[in-house]
Structure formats: C-alpha cells, structure tokens
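A.B. asks: Please find one structure pasted underneath; my questions will follow.
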Amino acid sequence: MGSALGVPDEKMLALADWEASPLFNETERLALEYADRMTITGRDVDDAVFARLQSVFDDDAIVELTATIAWENASSTFNRALRVESQGLWKPADARSGQDALHVVGDTAGDPAALPPLPGDRGEEAVGILTDEMQRVVREQKLGYVATVCPDGTPNLSPKGTTAVWDENRLVFADIASPRSVANLRANPAVEINVIDPIARKGWRFKGRGVVYDGGAMFDEVVAWYRRNGTASPIRSVALVDVERALPLISPAYERGATEAEVRRRWEDYYLHTLGWGRRGTPEGC
Ligand SMILES: Cc1cc2nc3c(=O)[nH]c(=O)nc-3n(C[C@H](O)[C@H](O)[C@H](O)COP(=O)(O)O)c2cc1C
C-alpha cells in the first residue's frame, strides 16, 4: 500500500533502520517513534511523546495512526502464533512492473579476481527484489553466512563460499559439506543469509525460504553453472533461496558520523598493515 501511495522503495527498505536513515522527515520520524513505542516491549508512549504528536497531528489523525499501528501489531501476533509466513506482497518497483526475471548472473568459487558481468554490463536491468547493489556485494564477497533453524528451534549458522546470485529474486549455495543446513531446510525452509563487505563494514541480510535440489533439471542446471564458474568440489545438493526481505547491515561506526571512505581506510589499514595481508615474499630479517 505504501508503494501504491508513492512511498519510494529506498524508504521502504530503510524502515527497519529508520532512526539512522536520513530519508525520513520529522513528521515521519515522530510517527515511526510512536509505532516503536507502541510495539516494542519495555517502551511506552509517555506524555512528552503524546504532546509532540498533538503538536503535529489532529485528533482524527492520531486515532487513525494508533488504530493502524495496533492493527499491524495484532496481525503480526496472529501470524507469528499460527506460523503464517510472509506473503512476499511487497517487492521493489522493478519487480512490481511484472517484467520477466533476468536469468543467472553470479559467481562463486572460481578465480576471485574474475567478477562476472553485472546486469547493467549486458545492457539489461535488474528486475527483482535483489537490487544491483545487493547483487554486487554478493558477487564481490563470494561468502555468505547461512542461518537455518534446527528441529529444536536453535539456530544453525555456517559459512558458504559458494553463495551467489541466481536471479533477481534468488540466492543459491552449493552443499559440499553442509549436512545440517540442508537437513534443516528440508524440514523448515526459513533461512537468513548475511553477506558483508568487511572493508566497507556494510552488507545485507537476506531473509527467505530455501528449497534443496539433489537431482533433476534444476540441480543439473545449477551444478553446471557452478562448474562453469570454477567450483570443482563434489556438490551433493544445491539450495535456492527465494529472498522475501532484504535489509541493510551497516556498522555502527557510520552512526558516529564516519564516511565510507574513512571506514574503508581504517579496515584496509587493519588488513594490509596490522595483519600484513598485502605483503608478498619472505619477511625481512629472518
Ligand atoms: C570460508 C568457508 C566457506 C565454506 N563454503 C562452503 C560451501 O560453499 N558449501 C558447503 O557445503 N560448505 C562450505 N563450507 C564448509 C561448511 O561451512 C562446514 O562444513 C559446516 O560445518 C557446515 O555446517 P552445516 O552442516 O551446519 O551446514 C565453508 C567453510 C568455510 C570456512
């Protein structure tokens, strides 16, 4: 509905982190603060906040806003209790336009220096939930941390260096040695994958549902793609993750006012000089 009313996609994606985002004006920030105070356990709508609301909204608007937030809370409580999964009703504008998804670009375990072309390089546009920026980070990093849910409800987190973009709505990883992740996905498709640029200290958390293929046309197609991109290890199965939500992950360093250039410099310095990753050859003196 927000999109139908003209709310840009960037704002929809920034909602989870609205306090840090520069995209929201004062009125919107007040409404979001009110929503958080109504929703988050331990917070409250105190007199000062209510007075600020009354200075901006008339009584009808406050009642409407309160009813909307209360309804969203009720529906999320209902859905959580009955395990009703996200319907994936909201997608970025490109996906809403109904174009066919551009198929397969991505990369994994081959030559780390050889990045595959981005959609734009081929004169095509990304059209799904995975924006060009998200796809770029996944392609460059080649490493995702995959969280699945064990039967006893505990988390299972493990790295997958075969994490790649399959298309504009799906990520993929290869099961080379991942029995627990695969078993979990077969029993419960809920999955989250985090991909982080360790220099920029930024990345994305992708939440969605995973499907495991260990044979058939889809399995063959994905394995052939991995082979073309240099993965030589035996692949037991592949997991395709339909991304339903993509949220930014940003280091708190940015909240303290650091620019990306400063953050990059700091961490390049750490890896290159403190850890010495950039050095070649035999160290001097021994
Ligand atoms: C950097 C790194 C990348 C890895 N990439 C993969 C991968 O792409 N696929 C895989 O099956 N295992 C990969 N592994 C190994 C698994 O993470 C490891 O076997 C883990 O124990 C699997 O746990 P699971 O059964 O809970 O999935 C990787 C490990 C590391 C450290």
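Under my numbering, the letters of the sequence shown match residues 9 to 294, in that order. Even for Gly, the Cβ is constructed at its ideal location relative to N, Cα and C. No experiment lies behind these values; they were computed from the predicted model shown.
Report all residues from its chain with a CB closer than 6 Å to the CB of Arg253; omit the five preceding and five following residues, and keep chain order.
C.D. replies: As a working mapping, residue 253 is identified with position 245 in the sequence shown. Cβ neighbours of Arg253 beyond the five flanking positions: Lys215.
A.B. asks: Select from Gly224, Arg273, Ile204 the residue whose C-alpha is nearest the C-alpha of Val145.
C.D. replies: Here residue 145 refers to the residue found at position 137 when the sequence shown is read from its first residue. Of the listed residues, the one whose Cα sits closest to Val145 is Ile204.
A.B. asks: Is there at least one non-hydrogen atom of ligand 1 closer than 7 Å to the beta-carbon of Phe181?
C.D. replies: The residue labelled residue 181 in the question sits at position 173 within the sequence shown. Yes, the Cβ of Phe181 comes within 7 Å of a heavy atom of ligand 1.
A.B. asks: With hydrogens ignored, establish whether the beta-carbon of Ala185 is closer than 7 Å to any heavy atom of ligand 1.
C.D. replies: Residue numbering aside, residue 185 sits at position 177 when the sequence shown is read from its first letter. Yes, ligand 1 has a heavy atom inside 7 Å of this Cβ.
A.B. asks: Quick one: Cα of Asn164 to Cα of Leu21, how far?
C.D. replies: Counting from one through the sequence shown, the residue named residue 164 turns up at place 156. Counting from one through the sequence shown, the residue named residue 21 turns up at place 13. Each residue's alpha carbon lies about 26 Å from the other.
A.B. asks: Alpha carbons only, please: which of Arg37, Lys19, Glu18 is nearest the one belonging to Glu27?
C.D. replies: In the sequence shown, residue 27 corresponds to position 19, counting from 1. Cα-wise, what sits closest to Glu27 is Arg37.
A.B. asks: Can you confirm whether the region 162 to 180 touches the region 220 to 228 when touching is taken to mean that 3 or more C-beta pairs between the two stretches lie within less than 8 Å?
C.D. replies: The region 220 to 228 vs the region 162 to 180: no contact.
A.B. asks: By Cβ distance below 7 Å, which residues in the same chain neighbour Gly211 in space, the five residues on each side in sequence not counted?
C.D. replies: Locating residue 211 in the sequence shown gives position 203, counting from the first residue. So the list reads Val145, Asn202, Val203, Ile204, Asp205, Leu257, once near-sequence residues are dropped.
A.B. asks: Does Asp115 pass the burial test, meaning 16 or more other C-beta atoms within 10 Å, or should it be called exposed?
C.D. replies: For the purposes of this step, residue 115 is identified with residue 107 of the sequence shown, where counting begins at 1. With a pLDDT of 31 at Asp115, under the threshold of 50, the modelled position of that residue is not reliable, and the figure given next carries that caveat. Buried, by the Cβ-count rule.
A.B. asks: Let me know if Thr239 comes out buried or exposed under the rule of 16 or more other beta-carbons within 10 Å of its beta-carbon.
C.D. replies: Residue mapping note: residue 239 aligns to position 231 of the sequence shown, counting from 1. Buried.
A.B. asks: Can you find a heavy atom of ligand 1 that lies under 7 Å from the Cβ of Arg188?
C.D. replies: For the purposes of this step, residue 188 is identified with residue 180 of the sequence shown, where counting begins at 1. At least one heavy atom of ligand 1 is nearer than 7 Å to the Cβ of Arg188, so yes.
A.B. asks: In the DSSP assignment, what residue or residues form a beta bridge with Tyr42?
C.D. replies: Numbered from its first residue, the sequence shown carries residue 42 at position 34. Its beta-bridge partners do not exist; DSSP assigns none.
A.B. asks: Quick one: using the 10 Å Cβ neighbour count with 16 as the cut-off for buried, is Leu280 buried or exposed?
C.D. replies: In the sequence shown, residue 280 corresponds to position 272, counting from 1. Exposed, since its Cβ has fewer than 16 Cβ neighbours within 10 Å.
A.B. asks: Buried or exposed for Ile48, going by 16 or more other Cβ atoms inside 10 Å?
C.D. replies: As a first step, residue 48 is located in the sequence shown; it is residue number 40 there, counting from the start. Classification for Ile48: exposed.
A.B. asks: Between which two residues does the beta strand (DSSP E) containing Ile201 stretch?
C.D. replies: Translated into positions along the sequence shown, residue 201 becomes position 193. Run containing Ile201: 198 to 205, per the beta strand (DSSP E) assignment.
A.B. asks: Taking the alpha helix (DSSP H) that Phe86 falls in, what are its first and last residues?
C.D. replies: In the sequence shown, residue 86 corresponds to position 78, counting from 1. First-last of the alpha helix (DSSP H) with Phe86: 67 to 89.
A.B. asks: Quick check: Arg8 and Val64, are their CB atoms within less than 8 Å of each other?
C.D. replies: Residue 8 lies beyond the stretch modelled for the chain, which goes from 9 to 294, so this question has no answer here.
A.B. asks: Touching or not, the region 184 to 202 and the region 265 to 278, by the rule of three or more beta carbon pairs under 8 Å?
C.D. replies: Contact fails: fewer than three Cβ-Cβ distances are below 8 Å.
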